[in-house]
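Numbering (the numbering used here), first residue to last: 191 to 651.
Report on one structure; see the data block that follows.
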């Protein structure tokens, strides 16, 4: 009898360490601190600050469930650039001190997932949508941006489009009628107004003295995913989902580089344009000095607040917008969307085991009212189906008039080696635009680097 008791006691003692190792806790009150990191303050502060309100709701839910857990949210907004912010997170994750929630671009999923910094949320879109009403409300296409290797790794926080903007006032000075200007977005969408039509119109504006030389078309002045749109506009493919490999198409690449060079040679973009400071760029494009320019939807809120006298009223009077035109007649225009996503750090990266609580906090940060508050203030497009009929969202004329751009959009690929692909693409685009290399040579050099560094991770066409 005593022997049986000793055996049972020994077995119980052996099991207890495993119980605690598997995340079960001792009885008694417990406070869980959830750090939420993002970057950019001002109009984007709600990305992190919504966690404070959501934590209050989560604590009410936990109390109603009889839980003795109290959640304390600690938002942190980094004021530096994206490169520094991401490096800071990687260093924290390597030392096991990462925030439980990190808000970053969806393209970080593959890199951080491969490093073990973050963990997947679900094995499919249908599974993650079953977690909460808020997740079920998120537009299905946006979940695709958060997928990698057949799993869902993040929750979309906001998204945007990168329209081609045009100055209506300057087009009128060129002799365009109100109807012709009103019809332009539809022509950009259906492929009847191409990138070379844009180039010809911009060149005409310079010739007529409507804009100064070099002010016909101002693309993004610094490195960024926007330039992927130009490559796609000429039929370029960059990712093969079936093989999970990156792709480069030389013919499309040469044409994209040729277009960038033609913009300089025709005098609609300055020869030394790349590297222009953002404050100069924003002032030029928002104040009737450039005819065409492409940038993010979020820039509209910045222009209205910081650059244009008269705010949105003035912007609507002067500026129109539509899809990035195709480079091929008859092919639909498109736009790049770049969703930011909530990612949950793994236990090894964060040193905590409360990933489920982080998931619940994210869900409560994603309500219709809260996401709309962020979207309207920051100029980002909503992520929820319910926002399509939500009055406070619809009251934003700009957001409600640009949502259709997500009907035909692309995402940068979630591939751990995409950074190498894009670096080579960008470096040689700069060389082609500035005339340091011919478009053909620039494309050859770009592919040479990709082939060398990506090896079996690249398909060359």
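Every residue, glycine too, gets a C-beta built ideally from N, C-alpha and C.
How long is the line joining the alpha carbons of residue i and residue j, rounded to whole angstroms?
i, j, result
"residue 576", "residue 585", "14 angstroms"
"residue 282", "residue 288", "5 angstroms"
"residue 349", "residue 525", "12 angstroms"
"residue 357", "residue 508", "6 angstroms"
"residue 456", "residue 511", "23 angstroms"
"residue 373", "residue 535", "47 angstroms"
"residue 553", "residue 579", "20 angstroms"
"residue 484", "residue 415", "12 angstroms"
"residue 642", "residue 649", "12 angstroms"
"residue 647", "residue 436", "6 angstroms"
"residue 560", "residue 240", "7 angstroms"
"residue 292", "residue 244", "16 angstroms"
"residue 371", "residue 506", "13 angstroms"
"residue 418", "residue 252", "45 angstroms"
"residue 220", "residue 540", "18 angstroms"
"residue 466", "residue 290", "37 angstroms"
"residue 336", "residue 513", "23 angstroms"
"residue 583", "residue 566", "7 angstroms"
"residue 387", "residue 614", "28 angstroms"
"residue 392", "residue 481", "7 angstroms"
"residue 341", "residue 311", "8 angstroms"
Residues in its own chain within less than 6 angstroms of residue i by CB, not counting five upstream and five downstream?
i, result
"residue 504", "498"
"residue 602", "297 and 415"
"residue 355", "483, 509 and 511"
"residue 545", "534"
"residue 537", "543"
"residue 635", "618"
Among residues of its own chain, excluding the 5 on either side of residue i, which ones have a beta-carbon nearer than 7 angstroms to its beta-carbon?
i, result
"residue 500", "none"
"residue 445", "424 and 517"
"residue 448", "629"
"residue 622", "447, 450, 451, 629 and 632"
"residue 248", "261, 550, 551 and 554"
"residue 396", "403, 406, 457 and 458"
"residue 493", "472, 476 and 505"
"residue 426", "439, 442, 443 and 446"
"residue 548", "224, 290, 291 and 534"
If you compare alpha carbons, which of the options is closest to residue i?
i, options, result
"residue 261", "250, 398 and 626", "250"
"residue 228", "265, 452, 248 and 617", "265"
"residue 591", "393, 439, 571 and 320", "571"
"residue 384", "515, 407 and 390", "515"
"residue 562", "430, 461, 409 and 324", "324"
"residue 234", "569, 258 and 582", "569"
"residue 588", "488, 645 and 574", "488"
"residue 674", "432, 221 and 454", "No answer is possible for residue 674: the residues shown for the chain start at 191 and end at 651."
"residue 573", "223, 433, 224 and 345", "345"
"residue 409", "433, 391, 441 and 352", "352"
"residue 637", "438, 530 and 320", "438"
"residue 645", "616, 615 and 611", "611"
"residue 616", "443, 329, 521 and 242", "443"
"residue 460", "491, 495, 401 and 303", "401"
"residue 581", "462, 596, 280 and 558", "558"
Residue i by DSSP, collapsed to three states: which one?
i, result
"residue 525", "strand"
"residue 519", "coil"
"residue 338", "strand"
"residue 679", "Beyond the ends of the chain as shown, which are 191 and 651, falls residue 679; an answer cannot be given."
"residue 509", "strand"
"residue 219", "coil"
"residue 629", "helix"
"residue 552", "helix"
"residue 682", "Only positions 191 to 651 of the chain appear in this structure, which leaves residue 682 out of reach."
"residue 563", "helix"
"residue 599", "strand"
"residue 644", "helix"
"residue 493", "helix"
"residue 474", "helix"
"residue 604", "coil"
"residue 637", "helix"
"residue 620", "helix"
"residue 588", "helix"
"residue 579", "helix"
"residue 481", "coil"
"residue 544", "coil"
"residue 318", "helix"
"residue 213", "Interpretation of residue 213 is limited by its pLDDT of 41, a score under 50 that renders its predicted location unreliable; the figure taken from the coordinates is listed afterwards. Three-state DSSP puts residue 213 in coil, outside helix and strand."
Below 7 angstroms, is the gap between the Cβ of residue i and the nearest heavy atom of the ligand MG?
i, result
"residue 347", "Ligands in the displayed structure: none, and consequently the ligand MG is not present."
Taking Cβ positions only, does residue i come closer than 8 angstroms to chain C?
i, result
"residue 242", "You won't find chain C in this structure, because it holds only one protein chain."
Residues in its own chain within less than 8 angstroms of residue i by CB, not counting five upstream and five downstream?
i, result
"residue 146", "Here the chain covers residues 191 to 651 and nothing more, so residue 146 does not appear."
"residue 478", "357, 359, 360 and 508"
"residue 375", "510, 511, 512 and 513"
Curious, which full-length alpha helix (DSSP H) runs of at least 4 residues does the region 239-315 contain?
-> Fully enclosed alpha helix (DSSP H) runs of 4 or longer: 272-284 and 298-305.
Can you check the region 402-471 for any beta strand (DSSP E) of at least 3 residues that lies completely inside it and give the ranges in chain order?
-> Taking only runs of at least 3 residues, the beta strand (DSSP E) segments lying wholly in the region 402-471 are 435-438.
Segments assigned alpha helix (DSSP H), at least 4 residues, entirely inside the region 352-399 | You should have 358-363, 368-380 and 385-397.
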